[in-house]
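Sequences listed follow chains R and S, in order. Basically the working numbering = 1-based index in the first sequence + 68. Basically the working numbering = 1-based index in the second sequence + 1. For glycine and all other residues, C-beta sits at the position ideal for the given N, C-alpha and C. As structure tokens, the structure follows; a few thoughts come after it.
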Amino acid sequence: MKQPRFRLRSRWFGPILPIAALVVVMATACGSPSGGSPGTGGSGQSLLINGAGATFPYPLYSKWFDEYTKVAPSVRINYQSIGSGGGIQQITQKTVDFGASDAPLTDDQLKAAPGELLHIPTVIGAVVVTYNLPGAPSGLKLTPDVLAGIYLGEITNWNDSKIMSLNQGMKLPDQTITVVHRSDGSGTTNIFTDYLSTVSPMWKSKVGKSTAVNWPAGLGAKGNEGVAGQVKQTPGAIGYVELAYASQNKLPYATLRNKDGDFVEPTIESTTAAAAGAAATMPADLRVSIVDAPGKNAYPIAGYTYIIIYKEQADQAKGQAVTKFLWWATHEGQAYAKDLLYAPLPGEVVQKAEAKLKSVSSNGKPVLQ
Amino acid sequence: MTIVREGMKIISATKKRSRLRGENLPDVTFRLVALAFAGLIVLLVLAMAIAMAKSSWPAIQQFGLGFLVGRTWDPVFKNFGALPFIYGTIVSSLLALLLAVPVSLGSAIFLAELAPAWVRGPISLMIELLAAIPSVVFGIWGIFVLNPWLRTSVEPMLGNNFGFFPLFQGPMYGLGMLSAGLILAIMIVPTITAISREVLMAVPNSQREAMLALGATRWEMISKAVVSYARPGIVGAVVLGLGRAVGETMAVTMVIGNRHEISASLFAPGHTMASVIANEFSEATYNLYLAALVETGLVLLFVTILLNALARLLVWRIAGGPKGAQRE
């Protein structure tokens with residue numbers, strides 16, 4: 069009698085068993101985070117700070133987070149390089165303790181935030197114009213007008229008289245210019261279009277500045293490596309990439325005529341010089357564009373990258389940890405910038421950042437003592 | 002022995018009972034569970050569409066139908082139109098199908114019907130390996146190998162010989178619609194080939210024997226008895242390939258040139274819906290911009306459904322109704 073009953077039950081269980089198993093698995097999966105996760109910050113032993121935003125400074129930031137654990141072993145910083153747009157969104161929604169953006173926030177974006185936001189400049193990036201001209205060495209001279217003309221699609225051949233007259237010693241071929249730009253939204257594009265908008269009224273009214281724009285000419289390539297690859301492979305191409313990427317890959321670069329009328333090579337020093345040249349006119353909220361900055365050695369296509377925090381911190385311990393980290397980053401941390409090919413902040417700007425950090429408060433009391 | 006005999010009796014009695022009732026509990030349970038899982042998929046698609054419609058609402062309100070026919074995509078002046086992306090997605094996918102289907106069908110028929118066993122194994126393995134290559138690798142290969150070759154050899158050849166045709170005019174960059182179509186074709190060949198081969202191999206031998214017994218040649222046997230029998234499965238394989246082509250992001254964005262423009266020439270750069278979302282999503286800094294990108298995703302969903310339906314219709318129409326050896 070036993071065997072048939074067993075068979076009957078096995079037919080019962082056939083379809084039900086997997087469902088039961090699934091339910092059990094789901095139940096345990098849902099239950100585990102509350103039970104199994106390690107306490108973060110609650111015990112006071114270690115403090116977890118969350119940040120999100122720009123990808124451009126990420127190599128330097130991750131170096132900083134790593135080095136900072138030696139300074140403050142109890143602080144752990146978790147940074148997601150999801151892009152400036154995501155960083156701004158997350159700090160606005162207060163899902164992170166700090167945001168990071170390659171461009172200062174617009175007035176609308178500041179208004180959307182539930183509290184006053186501070187911009188702390190961390191480091192300076194520069195954008196290099198690179199090109200592929202068979203037979204022509206590095207050091208092609210370009211003026212703002214010519215560069216804007218090329219990207220507007222008005223200057224279409226390398227033997228155009230405007231380019232020829234600037235580069236008398238160079239043999240320029242009869243070759244159409246293939247314009248290459250970034251296809252992905254990026255801080256690099258923001259700095260580059262900021263520059264073109266500043267030097268060309270035509271560009272400002274037709275195209276404008278943003279992380280992605282409606283390009284009047286050329287091809288889009290993804291990332292610095294995409295632009296560099298496309299330029300390298302197409303004779304007659306011109307493109308723009310980050311300074312760090314250009315020097316690591318030894319790409320040919322153009323020297324640009326700056327505001328003072330000098331042709332300047334893109335280097336870390338000339339980038340810092342641009343920031344120093346623009347420091348005098350830096351507004352109180354530190355939101356500033358430093359393209360086409362005055363100064364003999366100032367390289368004209370540069371921009372700050374920022375970390376963005378709330379002036380009023382709800383959590384005293386966290387607020388203090390973030391502020392102390394930013395103090396360290398704008399002082400000792402600057403020493404790591406050069407190795408990773410970022411331009412460090414000039415002294416004047418560090419002082420302005422200090423004032424901002426001192427103004428951070430929690431429950432009405434400044435967090436830095 | 003008696004126990005076994007008793008057991009058999011009870012089982013047959015149970016069977017009789019269930020046959021009388023029509024269904025038994027396990028059957029009912031199984032049917033309901035299967036139904037629930039099938040329904041879950043429909044629900045997921047619906048939920049996705051609703052969520053996307055919701056977060057793209059600002060863009061839908063602002064641009065209305067103009068979004069579908071607008072040709073400008075300008076994040077600075079907040080003007081968004083997706084027509085160049087819709088065009089790019091459809092053209093690059095159809096180009097890929099055009100190139101991939103004959104190759105895939107040919108190799109599937111060869112593998113299933115003609116190839117000796119020692120050839121079949123290695124070739125099948127290669128095709129499956131091709132399917133396992135990540136798309137970013139295809140993209141890199143496209144940039145460094147395919148594009149220079151297209152620019153220096155293929156495009157000048159096409160331009161010189163067929164330049165009177167608008168498809169092959171204009172400056173030759175290497176990257177562009179042609180490059181994207183080719184990359185996509187290479188990416189969907191393994192999908193279509195592997196599935197078609199399985200479908201062809203599942204055709205019962207009686208089909209082949211009957212056809213040969215009627216005095217058919219090998220070609221007649223394959224085309225009339227095997228391929229036409231397997232047609233629904235092959236259509237499924239093509240539709241799956243199309244799905245991959247429409248949704249492919251990384252490889253396409255690396256080779257298509259990412260230009261918001263509609264051009265008759267295959268040499269010209271273009272843009273697709275999937276690649277614009279991937280390119281611009283992370284730095285979309287204001288709501289309307291984000292909404293426009295999500296609406297592009299919504300349009301992509303509908304275009305995918307539409308293309309699938311069209312592909313099925315088309316293949317069935319062209320291949321004609323049921324022929325002699327068609328499964329009922």
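Check whether residue i and residue j have beta carbons under 9 Å apart
i, j, result
"residue 187(S)", "residue 139(S)", "yes"
"residue 190(S)", "residue 108(S)", "yes"
"residue 386(R)", "residue 115(R)", "yes"
"residue 258(S)", "residue 301(S)", "no"
"residue 214(R)", "residue 308(R)", "no"
"residue 172(R)", "residue 187(R)", "yes"
"residue 428(R)", "residue 391(R)", "yes"
"residue 285(S)", "residue 288(R)", "no"
"residue 377(R)", "residue 217(R)", "no"
"residue 212(R)", "residue 368(R)", "yes"
"residue 339(R)", "residue 193(R)", "yes"
"residue 160(S)", "residue 173(S)", "yes"
"residue 413(R)", "residue 190(R)", "yes"
"residue 234(R)", "residue 268(R)", "no"
"residue 268(S)", "residue 169(S)", "yes"
"residue 123(R)", "residue 150(R)", "yes"
"residue 136(R)", "residue 415(R)", "no"
"residue 77(S)", "residue 275(R)", "yes"
"residue 230(S)", "residue 204(S)", "yes"
Bounding residues of the alpha helix (DSSP H) (the contiguous stretch that carries residue i)
i, result
"residue 256(R)", "255 to 267"
"residue 221(R)", "Unbroken run through residue 221(R): none, as it is neither H nor E."
"residue 124(S)", "118 to 133"
"residue 256(S)", "251 to 256"
"residue 291(R)", "291 to 301"
"residue 30(S)", "26 to 56"
"residue 128(R)", "126 to 139"
6 Å CB neighbourhood of residue i in its chain, flanking five on each side removed
i, result
"residue 115(S)", "none"
"residue 242(S)", "189, 192 and 193"
"residue 327(R)", "360 and 362"
"residue 227(R)", "240 and 242"
"residue 99(R)", "The predicted model places residue 99(R) with a pLDDT of 42, which falls under 50 and marks its position as unreliable; any figure quoted below should be read in that light. Within the same chain, residue 99(R) has no close Cβ partners at all."
"residue 366(R)", "326, 341, 342 and 345"
8 Å CB neighbourhood of residue i in its chain, flanking five on each side removed
i, result
"residue 129(S)", "191 and 195"
"residue 437(R)", "none"
"residue 177(R)", "156 and 160"
"residue 426(R)", "434 and 436"
"residue 317(R)", "296"
"residue 49(S)", "302"
Per-residue contacts from residue i into chain C (C-beta, under 7 Å)
i, result
"residue 150(R)", "Of the chains in the structure shown, none is chain C; the protein chains are R and S."
Sequence-distant residues of its chain with Cβ nearer than 7 Å to residue i (five each side left out)
i, result
"residue 224(R)", "244 and 245"
"residue 105(R)", "Only weak support exists for where residue 105(R) lies, its pLDDT of 37 falling under 50; the coordinates are left without a value."
"residue 97(S)", "182, 185, 186, 189 and 246"
"residue 312(S)", "239, 240 and 243"
"residue 56(S)", "292 and 295"
Start and end residues, beta strand (DSSP E) containing residue i
i, result
"residue 112(S)", "Premise fails: residue 112(S) is in no beta strand (DSSP E) and is neither H nor E."
"residue 247(R)", "246 to 250"
"residue 267(S)", "Unbroken run through residue 267(S): none, as it is neither H nor E."
"residue 117(R)", "115 to 121"
"residue 208(S)", "Note, residue 208(S): premise wrong, no beta strand (DSSP E); alpha helix (DSSP H) at 206 to 214."
"residue 310(R)", "305 to 310"
"residue 147(R)", "143 to 148"
"residue 322(R)", "322 to 325"
#### Entry: Complete runs of the alpha helix (DSSP H) confined to the stretch 151 to 179 of chain S [at least 4 residues]
Complete alpha helix (DSSP H) runs here, min 4: 156 to 163.
### Message
Threshold first: 3 residues or longer. Then list the beta strand (DSSP E) segments lying entirely within the stretch 153 to 219 of chain R, N to C.
### Response
Runs of the beta strand (DSSP E) inside the stretch 153 to 219 of chain R: 166 to 169, 185 to 199 and 208 to 210.
### Query
Listed in chain order, which residues of the stretch 229 to 246 of chain R have Cβ atoms closer than 8 Å to some Cβ of chain S?
For the stretch 229 to 246 of chain R, residues whose beta-carbon sits nearer than 8 Å to a beta-carbon of chain S comprise 244 and 246.
### Query
When Cβ atoms are compared, which residues of the stretch 274 to 308 of chain R fall closer than 8 Å to chain S?
Correct list: 275, 276, 277, 278, 279, 280, 281, 282, 283, 286, 287, 288, 289, 290, 294, 297, 298, 301 and 302.
### Unbroken stretches of the alpha helix (DSSP H), 4 residues or longer, contained in the stretch 347 to 427 of chain R
The stretch 347 to 427 of chain R contains these whole alpha helix (DSSP H) runs: 384 to 398 and 415 to 426.
### Task
Compile a chain-ordered list of the residues in the stretch 72 to 84 of chain S whose CB is closer than 7 Å to at least one CB of chain R.
Those residues of the stretch 72 to 84 of chain S that come within reach of chain R (Cβ to Cβ, closer than 7 Å) are 73, 74, 75, 76, 77 and 78.
### Query
Quick one, which residues of the stretch 331 to 343 of chain R are near chain S if we go by CB-CB under 8 Å, in chain order?
Contacts with chain S (Cβ-Cβ distance below 8 Å) from the stretch 331 to 343 of chain R involve no residue at all.
### Task
Any chance you could list the alpha helix (DSSP H) runs of at least 4 consecutive residues sitting entirely within the stretch 78 to 102 of chain S, in chain order?
Correct list: empty.
### Query
Using a beta-carbon distance cut-off of less than 8 Å, what residues from the stretch 204 to 234 of chain S approach chain R?
Those would be none; no residue qualifies.
#### Entry: Within 9 Å of chain S by C-beta, residues of the stretch 151 to 173 of chain R in sequence order
When CB distances to chain S are screened at a threshold of 9 Å, the residues of the stretch 151 to 173 of chain R falling below it are 151, 152, 153, 154, 156, 157, 169, 170, 171 and 173, in chain order.
### Query
Looking at chain R, which residues of the stretch 250 to 274 of chain S have a Cβ within less than 8 Å of any of its Cβ atoms?
Hits within the stretch, in order: 254, 255, 258, 259, 260, 261, 270 and 272.
### Query
Taking any Cβ of chain R, which residues in the stretch 145 to 175 of chain S have a Cβ under 9 Å from it, in chain order?
Going along the stretch 145 to 175 of chain S in chain order, one finds 145, 148, 149, 152, 172, 174 and 175 with a Cβ nearer than 9 Å to chain R.
### Message
By the 7 Å beta-carbon criterion, what residues does the stretch 249 to 268 of chain R contribute toward chain S?
### Response
The stretch 249 to 268 of chain R vs chain S, Cβ under 7 Å: 251, 252, 253 and 254.
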